[in-house]
Amino acid sequence: MNVLESVTTALDDFLQDIFREIVIELFGGTMFGGLPSVRLADGLYFLAKGFTTACVLTYCALKVPGWVNDRIKVKERLVRGFIAAGIYMEKQRRDLGDGKIKSYRIFPTIERVSVAGSCTTVNLHLPIGMDPSVIESRAWVFQQLFGPTAQLVNDKAGRFRLQIPKELPTKVAYNLEIARAAMKKTEGFALYIGEAYNGSVAVDLKQMPHVGLVGVTGWGKSTALRVILNTWLQVYGPDRLRLFLGDLKMTEFGLYRNVPHVEGNIAVRRSEVVAMLAEVLDVLRYRQERFHDVDATDLDEYEELTGERLPNVVVCIDEVASLEGETAAHDVLEEIGQLGRSFGVFLVLSQQRVDREVMDGKLKNNLNVRIAYRMSDDLNSRMLLGKPDAADLQVKGRCFVKDATHMREVQTPWLAPKEARAQIVEIKKRFAGVKKIPLIPPINPDIPQSVELDQQESNELRELLQALMDQEVQSHASTR
Ligand SMILES: Nc1ncnc2c1ncn2[C@@H]1O[C@H](COP(=O)(O)OP(=O)(O)OP(=O)(O)O)[C@@H](O)[C@H]1O
Ligand SMILES: [Mg+2]
Numbered sequence: 001m002n003v004l005e006s007v008t009t010a011l012d013d014f015l016q017d018i019f020r021e022i023v024i025e026l027f028g029g030t031m032f033g034g035l036p037s038v039r040l041a042d043g044l045y046f047l048a049k050g051f052t053t054a055c056v057l058t059y060c061a062l063k064v065p066g067w068v069n070d071r072i073k074v075k076e077r078l079v080r081g082f083i084a085a086g087i088y089m090e091k092q093r094r095d096l097g098d099g100k101i102k103s104y105r106i107f108p109t110i111e112r113v114s115v116a117g118s119c120t121t122v123n124l125h126l127p128i129g130m131d132p133s134v135i136e137s138r139a140w141v142f143q144q145l146f147g148p149t150a151q152l153v154n155d156k157a158g159r160f161r162l163q164i165p166k167e168l169p170t171k172v173a174y175n176l177e178i179a180r181a182a183m184k185k186t187e188g189f190a191l192y193i194g195e196a197y198n199g200s201v202a203v204d205l206k207q208m209p210h211v212g213l214v215g216v217t218g219w220g221k222s223t224a225l226r227v228i229l230n231t232w233l234q235v236y237g238p239d240r241l242r243l244f245l246g247d248l249k250m251t252e253f254g255l256y257r258n259v260p261h262v263e264g265n266i267a268v269r270r271s272e273v274v275a276m277l278a279e280v281l282d283v284l285r286y287r288q289e290r291f292h293d294v295d296a297t298d299l300d301e302y303e304e305l306t307g308e309r310l311p312n313v314v315v316c317i318d319e320v321a322s323l324e325g326e327t328a329a330h331d332v333l334e335e336i337g338q339l340g341r342s343f344g345v346f347l348v349l350s351q352q353r354v355d356r357e358v359m360d361g362k363l364k365n366n367l368n369v370r371i372a373y374r375m376s377d378d379l380n381s382r383m384l385l386g387k388p389d390a391a392d393l394q395v396k397g398r399c400f401v402k403d404a405t406h407m408r409e410v411q412t413p414w415l416a417p418k419e420a421r422a423q424i425v426e427i428k429k430r431f432a433g434v435k436k437i438p439l440i441p442p443i444n445p446d447i448p449q450s451v452e453l454d455q456q457e458s459n460e461l462r463e464l465l466q467a468l469m470d471q472e473v474q475s476h477a478s479t480r
């Protein structure tokens, strides 16, 4: 401590000397009719030192976790939560200014916020006359605000304790309202992933397109896809979302058969997935042409220019590694990865390892949202996240979500297949009569269509025509 003190004193003296010399150099030995410059320099130096110290302290108070800023944030969020959930008493009083009767709100008092490394605790005191069931019955708002770990404890006599441990629970129940709230906060085309310790996690695919889910068998990829798809189907109608589904394990996507948002059948064989991807490529090409015609750069601009709202198209394939060797399919996936964002065409792909064909290389670079469940080894985790952390995950449904700005630990909510099926029954009922606009308008036979053929196709066509002409000539010859 003595060493530190003498070093700071020496530095202080040194800076003060420099400051004096500068002032004397600028103004000479005296100024203002005889005031010694040295005195003025010392005074100014003292002021500058005080100002700098105040700035450093303020900066630390705002930046050091838990000191000032985190508490302010917690208080601010709580008040927003009280308003949103109606946790207050409404009273009336006469305004002293205009004498009119006006209503005002009394909120619970936030007595203390203590931010510790592993848990934040907030002590609340209800205003006299407020029924404790008002806050107890709306405790869900704290989970919406602070994440699934937030818990309200009744300490009796109108006192409550809100505890927010910075550790995720091992299981989180699926809740559509929480998912919907997280998506609402995200502008654009939102994808809900799950719950981090400090709140729900949803990403905007318009900003960060294409999603890759990776993890060893049995740790939650298909469950996550179920959560993503069911949430989407309940939040967006077929006018906003269309799905192309591939299920190469044949066990996961059966429940989505005949859902209005789903295009065609669920592709369960390699050949079917290849054909499905060809269809998606047609949609992409069609949108490219249309956007080019009106000079639009993305879906929103296209809507602004034409008044026509195109739905987002998502290609979702579980166990995409089963497409190994299908180069045509890889090419389409890579092309969607490169061009899809502007045209509202997105990928959501899952597989067990990163180092397997399909997801490695070019396609992986365009998967902006990477979701890693338990990984087989450090190498695979590093390949996806740049860190080995996912190899150590111990909880089913727990993942790391890496996007352009953050890496967060998230618990995927548990949505049992039975519950998912019940939700799908409701979705089918809800959208039963809805008329779906086709992604590509059907061809009108009365309007001549231009046809583009590659070299091989034109050779084949020529041969076919030749064969037909030969037949014709022969038949003519035989009738003669
Ligand atoms: N979010 C979750 N919360 C709780 N348990 C989960 C969660 N996700 C998965 N599980 C448990 O893990 C089991 C396997 O999950 P899932 O089928 O999603 O794994 P997977 O990664 O798709 O496996 P595979 O690669 O073999 O298809 C589930 O049946 C369930 O018991
Ligand atoms: Mg699976």
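Sequential numbering from 1 applies to the sequence shown in full-length UniProt numbering. Don't be surprised by glycine CBs; every beta carbon is placed ideally from N, CA and C.
Going by DSSP in three states, R462 sits in which element: helix, strand or coil? helix
Indicate, with yes or no, if ligand 1 has a heavy atom lying under 7 Å from the CB of G147. no
Quick check on this structure: which residue in P311, D131, E90 has the alpha carbon closest to the alpha carbon of V262? P311
Using 8 Å for Cβ pairs, my map puts S37 next to G28. What's the rounded Cβ distance? 7 Å
Does the distance from the CB of M250 to the CB of V273 come in under 8 Å? no
In whole angstroms, what is the alpha-carbon distance linking I101 and I128? 22 Å
Is it buried or exposed, M375, if we count other Cβ atoms within 10 angstroms and call 16 or more buried? buried
Please return the same chain residues whose Cβ sits closer than 6 Å to the Cβ of A477, not counting the five positions on each side in sequence. The predicted model places A477 with a pLDDT of 47, which falls under 50 and marks its position as unreliable, so this point remains unresolved.
Note down, in chain order, each residue of its chain lying with its Cβ closer than 7 Å to the Cβ of Y197, except the 5 sequence neighbours on either side. G147, T149, K166, E167, L168
Nearest-angstrom Cα distance between K396 and L176? 20 Å
Whether P209 touches N368 by CB criterion (8 Å): yes
Is the Cβ-Cβ distance between E252 and D318 less than 8 Å? yes
Inter-residue CB distance, residue 500 and C316 (contact presumed, cutoff 8 Å): The first residue shown for the chain is 1 and the last is 480, placing residue 500 beyond what the model contains.
With a threshold of 6 Å on Cβ separation, who are the neighbours of I371 within its own chain once the five nearest residues in sequence on each side are excluded? L213, C399, V401
On the DSSP letters alone, give me the boundaries of the beta strand (DSSP E) that G212 sits inside. 211-214
Can you list, in chain order, the residues of its chain with a C-beta nearer than 6 Å to that of P334? Leave out the 5 residues immediately preceding and following it. A quick correction: the sequence has Glu, not Pro, at residue 334. If we look at E334 and ignore the five residues flanking it on each side, its Cβ neighbours are K362, L363.
Roughly how many angstroms lie between the CA atoms of T9 and M383, to the nearest whole one? 51 Å
Does the CB of A432 have a neighbour CB from chain C at under 8 Å? The structure shown contains no chain C, having only a single protein chain.
Counting Cβ pairs, one atom from each stretch, are 3 or more of them under 8 Å apart for the region 291-298 and the region 452-469? no
What is the rounded straight-line gap between the Cα of E304 and the Cα of V259? 29 Å
Minimum C-alpha distance to T231 - residue among I266, A181, T217: A181
May I ask you to report which of helix, strand or coil DSSP gives A477? Note on A477: pLDDT 47, under 50, position unreliable in the model; the coordinate value appears next. Three-state result, A477: helix.
Give every residue of the same chain whose Cβ lies closer than 6 Å to the Cβ of A179, excluding the five residues on either side of it in the sequence, and list them in chain order. Y192, T231
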